[in-house]
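K.L.:
2 protein chains.
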Amino acid sequence: MIKRRKSRVVYIRDIGVGGDNEIRVESMTKVPAKNEKEIINQINELEKAGCEIVRIALPDLESCEKIPVIKKNTNIPIVGDIHFDYKIALKAIDNGIDSIRINPGNIRDKEKVKLIVKLLKERKISVRIGVNSGSIDRKKFPFLNADSMVESAMEHIKILEEEGFYDIIVSLKSTDILTTIESYEKFAKIRDYPLHIGITEAGTKFSGSIKSAIGLGILLYKGLGDTIRVSLSSSPVDEVMVAYKILKFLNLRENIIEVISCPTCARAEFDVMKIAEEVEKNFFNLRKNIKIAIMGCVVNGPGEAKDADIGFAGSGKKVALFVNGKVLKIIEPENIIKEIENYIKNL
Amino acid sequence: MIKRRKSRVVYIRDIGVGGDNEIRVESMTKVPAKNEKEIINQINELEKAGCEIVRIALPDLESCEKIPVIKKNTNIPIVGDIHFDYKIALKAIDNGIDSIRINPGNIRDKEKVKLIVKLLKERKISVRIGVNSGSIDRKKFPFLNADSMVESAMEHIKILEEEGFYDIIVSLKSTDILTTIESYEKFAKIRDYPLHIGITEAGTKFSGSIKSAIGLGILLYKGLGDTIRVSLSSSPVDEVMVAYKILKFLNLRENIIEVISCPTCARAEFDVMKIAEEVEKNFFNLRKNIKIAIMGCVVNGPGEAKDADIGFAGSGKKVALFVNGKVLKIIEPENIIKEIENYIKNL
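If you're matching them up, the sequences are chains E and Y in order.
Position in the first sequence (first residue = 1) + 132 = our numbering.
Position in the second sequence (first residue = 1) + 132 = our numbering.
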């Protein structure tokens with residue numbers, strides 16, 4: 133029902149971004165590359181959660197030396213986040229990074245950008261030009277608004293284009309939702325590069341999820357966005373979970389479970405809210421179109437519960453398990469997770 | 133920056149909804165009216181949290197008898213939610229309810245609606261016509277979509293209009309975000325009644341907040357919505373908190389605190405995420421424009437932290453307290469809440 137903006141396709145290794153490709157889900161590790169074991173674990177956890185592209189910070193040359201071992205022990209493509217130093221960009225590319233993100237405010241020297249581009253073209257590596265409201269060159273752009281965000285991106289895009297380089301993904305993130313939306317809208321009118329969307333420094337897990345849901349929700353509704361990152365002061369796995377929820381709620385991706393729960397009332401004799409949250413936490417990364425219902429009681433469950441693939445409804449201190457609308461047996465509430473696991477195993 | 137749709141103003145007791153009035157925040161109690169102490173407590177908690185209009189379920193005549201004692205012990209206007217029985221509506225109005233919500237699918241008899249209208253006009257009480265995807269008359273409207281949502285509302289609105297009654301607020305809630313948006317858009321083209329907006333059966337606190345944030349975010353961005361309810365399988369106080377966050381993030385209401393926190397990294401020696409969540413929980417109902425920053429360290433706090441009214445930044449195992457960008461003293465992390473309380477007291 134949402135009509136996506138037409139964009140060109142840019143690859144991050146083998147993952148197509150833009151065009152008719154599914155909207156991708158990204159995240160960023162919160163562990164320094166130097167801690168090789170930890171970062172490998174985090175990337176593998178992210179992959180398990182459904183993350184399709186992962187970014188890692190490369191603050192120095194030493195971090196770049198870890199790229200080969202990280203790549204060897206993980207599967208999803210890795211984007212290096214590079215600020216300030218073009219030498220880091222060159223070394224990252226040389227060491228096998230799949231894509232790089234450059235913050236335009238930071239590598240100021242045109243000649244150095246050209247050096248990077250030469251290597252990018254040789255290795256067929258894409259670039260994200262990632263504008264961030266916090267790091268815009270305020271001497272050049274004294275006013276922080278959609279125009280300066282777009283101009284800041286265009287300045288660097290033009291350097292790349294002059295070199296005949298077009299494998300570009302663009303992001304224009306502000307902490308302010310309305311500025312972010314206006315920036316992407318303005319940019320979408322002048323170029324067809326795929327858009328990486330996000331709201332920067334959104335906040336804590338709860339508050340930041342709400343802020344990201346509003347901002348990304350509006351952008352996606354307008355058809356803007358080819359790959360998304362939810363930025364949270366929380367685990368990167370949470371970022372992936374929230375990203376999929378946003379896409380699911382707008383019918384933009386399939387194969388995501390849905391947990392239906394009633395608002396609970398005095399009739400419920402087991403903790404519906406707690407169990408619904410647990411079910412979500414346990415199965416959010418299941419890439420299947422399954423609807424799970426957790427209802428306080430059989431009597432007044434909303435109509436939707438009947439459509440659930442598997443459901444549980446309070447029955448005294450116990451819980452009735454129903455599959456495709458029919459009650460199969462009565463179980464203890466603490467066995468709900470196990471029963472869902474069994475159901476999935478037998479699909 | 134968001135341009136609101138022009139609507140007429142309808143009053144719920146003394147609270148104006150629509151027109152140039154601030155977008156109102158509503159919730160609904162999750163306690164039966166018969167439990168008079170509990171419902172009074174919950175309404176007073178909701179008021180403290182910033183709830184401006186509260187709805188209570190009135191499933192039977194007995195519940196209506198509690199209206200006077202509930203009103204006597206609470207301050208905010210009370211809307212009675214009435215299904216099925218017009219006698220309940222009449223009794224609720226007679227017992228002093230401030231407004232009623234009728235689900236059009238349920239009171240089918242035109243003559244009975246007329247009886248209610250007569251009393252509404254006498255007492256100058258407004259009505260919300262609350263269409264809900266789950267309770268649409270499927271015999272009349274076999275297809276559940278925006279058109280049938282709007283037609284279902286119009287059927288009842290016309291009965292009211294024929295009686296010269298226009299103090300109407302309208303809601304058109306579906307569990308599907310896109311259907312909800314389309315319904316409100318279609319309705320907004322044909323009538324100027326204020327809109328109560330919400331996504332019905334959104335889900336658990338976390339997931340339902342994300343779903344509501346997307347749906348309400350898009351509607352509000354389009355200028356639609358004069359009073360909002362976030363429906364969660366959670367405490368109604370959470371619903372109010374989320375509603376204010378949504379309005380704040382779209383710059384639609386002022387006097388809401390903002391908590392900025394860094395994404396945290398290895399440098400942070402205190403639990404930034406946990407404390408940021410605690411600060412949000414403790415102060416979300418403070419109706420002041422205060423920005424509070426919780427940063428892992430002083431060195432790399434984002435630019436925004438400097439703009440914070442009061443901030444805390446890790447300094448070894450302790451925390452530096454800064455006000456208006458200047459460090460005042462070093463404190464223990466466990467005293468952060470107390471320091472914020474002191475700061476607010478001295479404003």
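Backbone N, C-alpha and C define an ideal beta-carbon position, used for all residues, glycine too.
#1: Taking C-beta pairs closer than 8 Å, name the residues in chain E that Y:V391 reaches, listed in chain order.
#2: Verify the CB distance criterion: does E:G150 have a CB-CB separation below 8 Å to chain Y?
#3: For a contact defined as C-beta to C-beta under 7 Å, what are the partners of E:S366 on chain Y?
#4: Can the beta-carbon of Y:I188 be found closer than 8 Å to that of Y:I171?
#5: Y:A375 CB to nearest chain E CB: under 8 Å?
#6: E:E158 lies in the beta strand (DSSP E); which residues open and close that run?
#7: Just to confirm my understanding: we take Y:F319, look at its own chain, exclude 5 residues before and 5 after, and list those with CB closer than 7 Å. What are they?
#8: Which residues of chain Y have a Cβ atom closer than 8 Å to the Cβ of E:E158, listed in chain order?
#9: Which residues in chain E sit within 7 Å of Y:A425, going by Cβ to Cβ distance?
#10: According to DSSP, simplified to helix, strand and coil, what is E:P434?
#11: Going by DSSP, what residues sit across from Y:H215 in a beta bridge?
#12: Could you compute how far the alpha carbon of Y:G296 sits from the alpha carbon of Y:I248?
#13: Please work out which residues of its chain come closer than 8 Å, Cβ to Cβ, to Y:L135, disregarding the five sequence neighbours upstream and downstream, and give them in chain order.
#14: What separation, rounded to the nearest whole angstrom, lies between the Cα atoms of E:P209 and Y:K380?
#15: Is it true that the CB of E:K413 sits closer than 8 Å to the CB of E:I389?
#16: Could you pull the start and end residues of the beta strand (DSSP E) that Y:I331 belongs to?
#17: Can you find a CB in chain E that lies within less than 8 Å of the CB of Y:I469?
#18: Counting only beta-carbon atoms, is E:G212 nearer than 8 Å to chain Y?
#19: CA-CA distance, E:D279 and Y:C183?
#20: For E:G457, count the other beta carbons within 10 Å of its own beta carbon; 16 or more makes it buried, fewer makes it exposed. Which is it?
#21: Answer with yes or no whether the minimum CB distance from Y:L178 to chain E is below 8 Å.
#22: Going by C-alpha to C-alpha distance, which of E:S258, E:T359, E:P164, E:A221 sits closest to E:R145?
#23: Quick one: residues in its chain with C-beta nearer than 6 Å to the C-beta of E:A345, no 5 flanking neighbours on either side, listed in chain order?
#24: From this set, Y:S265, Y:G428, Y:I313, Y:E287, which residue's C-alpha is nearest Y:L352's C-alpha?
#25: Using a C-beta cutoff of 8 Å, does Y:Y353 count as contacting chain A?
#26: What does the Cβ neighbour count give for Y:K256, buried or exposed, with the cut at 16 atoms within 10 Å?
#27: Residue range of the alpha helix (DSSP H) that E:A278 falls in?
#28: Rounded to whole angstroms, how far is the Cβ of Y:I350 from the Cβ of E:I350, which I believe are closer than 8 Å?
#29: Thinking just about the alpha-carbon of each residue, which of Y:H328, Y:A408, Y:A224, Y:K246 is nearest to the one in Y:N494?
#30: Taking E:Y218 as the reference, which of E:L418, E:M373, E:L193, E:L292 has the closest Cα?
#31: Output the distance between the C-alpha atoms of Y:K250 and Y:R361, rounded to the nearest integer angstrom.
#32: Could you tell me how far apart the beta carbons of E:G428 and E:V404 are, in whole angstroms, since I believe they sit closer than 8 Å?
#33: Counting only C-beta atoms, is Y:K343 closer than 8 Å to chain E at any point?
#34: For Y:E473, count neighbouring Cβ atoms within 10 angstroms of its own Cβ and tell me buried if that reaches 16, exposed if not.
#35: Could you please give the first and the last residue of the uninterrupted alpha helix (DSSP H) stretch that includes Y:Y475?
#36: Which of the three DSSP states is assigned to E:E168 in this structure?
P.N.:
The relevant details are as follows:
#1: Walking along the second sequence from the start, residue 391 of chain Y turns up at place 259. The answer, in chain order, is G335, T336, S339.
#2: In the first sequence, residue 150 of chain E corresponds to position 18, counting from 1. No - not a single Cβ of chain Y is within 8 Å of the one on E:G150.
#3: Counting from 1 along the first sequence, the entry for residue 366 of chain E is found at position 234. Going along chain Y in sequence order, the residues near E:S366 (Cβ under 7 Å) are M405.
#4: Position 56 of the second sequence, counted from the first residue, corresponds to residue 188 of chain Y. Position 39 of the second sequence, counted from the first residue, corresponds to residue 171 of chain Y. The answer is yes: Cβ separation under 8 Å.
#5: Position 243 of the second sequence, counted from the first residue, corresponds to residue 375 of chain Y. False, the Cβ-Cβ gap to chain E never drops below 8 Å.
#6: One-based indexing of the first sequence puts residue 158 of chain E at position 26. Residues 156-160.
#7: As a working note, residue 319 of chain Y is residue 187 in the second sequence. V282, A285, V302, L304.
#8: Stepping through the first sequence from its first residue, residue 158 of chain E is reached at position 26. The premise fails here: E:E158 is roughly 15 Å from chain Y at the closest Cβ pair, so nothing lies under 8 Å.
#9: Within the second sequence, residue 425 of chain Y is the residue found at index 293, counting from 1. The contacting residues do not exist; Y:A425 stays about 11 Å from chain E at best.
#10: Here residue 434 of chain E refers to the residue found at position 302 when the first sequence is read from its first residue. Low confidence applies to E:P434: its pLDDT is 48, below 50, so where it sits in the model is not reliable enough to give any reading.
#11: Taking the second sequence and counting its residues from 1, the one referred to as residue 215 of chain Y is at position 83. Y:H215 is not bridged to any residue.
#12: In the second sequence, counting from the first residue as 1, residue 296 of chain Y sits at position 164. In the second sequence, counting from the first residue as 1, residue 248 of chain Y sits at position 116. Each residue's Cα considered, the two are about 13 Å apart.
#13: The residue given as residue 135 of chain Y occupies position 3 in the second sequence. For the record, residue 135 of chain Y in the displayed sequence is Lys; it is not Leu. Same-chain partners within the cutoff: G355.
#14: Looking up residue 209 of chain E in the first sequence gives position 77. Looking up residue 380 of chain Y in the second sequence gives position 248. In a straight line, the C-alpha of E:P209 is about 36 Å away from that of Y:K380.
#15: Translated into positions along the first sequence, residue 389 of chain E becomes position 257. Translated into positions along the first sequence, residue 413 of chain E becomes position 281. The answer is no: Cβ separation not under 8 Å.
#16: If you number the second sequence from 1, residue 331 of chain Y lands on position 199. From DSSP, Y:I331 is part of no beta strand (DSSP E); its letter is neither H nor E.
#17: The residue you call residue 469 of chain Y lines up with position 337 of the second sequence. No, its Cβ sits nowhere closer than 8 Å to a Cβ of chain E.
#18: Position 80 of the first sequence, counted from the first residue, corresponds to residue 212 of chain E. It does not; no Cβ of chain Y falls within 8 Å.
#19: In the first sequence, residue 279 of chain E corresponds to position 147, counting from 1. In the second sequence, residue 183 of chain Y corresponds to position 51, counting from 1. Approximately 38 Å between the Cα atoms of the pair.
#20: One-based indexing of the first sequence puts residue 457 of chain E at position 325. With fewer than 16 Cβ atoms within 10 Å of its Cβ, E:G457 is classed as exposed.
#21: Counting from 1 along the second sequence, the entry for residue 178 of chain Y is found at position 46. So, not an interface residue.
#22: To locate residue 145 of chain E, count along the first sequence from 1; it is residue 13. For the residues E:S258, E:T359, E:P164, E:A221, the minimum Cα distance to E:R145 belongs to E:S258.
#23: Position 213 of the first sequence, counting from 1, holds the residue named residue 345 of chain E. For E:A345, where only same-chain residues beyond five positions count, the Cβ hits under 6 Å are I378.
#24: Counting from one through the second sequence, the residue named residue 352 of chain Y turns up at place 220. If we check each option's Cα against that of Y:L352, Y:I313 comes out closest.
#25: The structure shown contains no chain A; its protein chains are E and Y.
#26: Here residue 256 of chain Y is taken as the residue at index 124 of the second sequence, counted from 1. It is exposed - the Cβ of Y:K256 has fewer than 16 other Cβ atoms within 10 Å.
#27: As a first step, residue 278 of chain E must be located in the first sequence, where it is residue number 146. Per DSSP, E:A278 belongs to the alpha helix (DSSP H) from 278-294.
#28: In the second sequence, the residue the question calls residue 350 of chain Y occupies position 218. In the first sequence, the residue the question calls residue 350 of chain E occupies position 218. Indeed, because the Cβ distance is near 6 Å, the residues count as touching under 8 Å.
#29: There is simply no residue 494 of chain Y to check, as chain Y begins at 133 and stops at 479 in what is shown.
#30: Here residue 218 of chain E refers to the residue found at position 86 when the first sequence is read from its first residue. Checked all of E:L418, E:M373, E:L193, E:L292; the closest Cα to E:Y218 is E:L193.
#31: As a working mapping, residue 250 of chain Y is identified with position 118 in the second sequence. As a working mapping, residue 361 of chain Y is identified with position 229 in the second sequence. Those two C-alpha atoms are separated by around 28 Å.
#32: Along the first sequence, read from residue 1 onward, the residue named residue 428 of chain E stands at position 296. Along the first sequence, read from residue 1 onward, the residue named residue 404 of chain E stands at position 272. The Cβ separation is near 5 Å, so the contact holds.
#33: The count along the second sequence starts at 1 and reaches residue 343 of chain Y at position 211. It does; some Cβ of chain E falls within 8 Å.
#34: Walking along the second sequence from the start, residue 473 of chain Y turns up at place 341. Exposed: under 16 other Cβ atoms inside 10 Å.
#35: As a position in the second sequence, residue 475 of chain Y is number 343, starting the count at 1. Residues 468-477.
#36: In the first sequence, counting from the first residue as 1, residue 168 of chain E sits at position 36. In this structure, E:E168 counts as helix in the three-state DSSP scheme.
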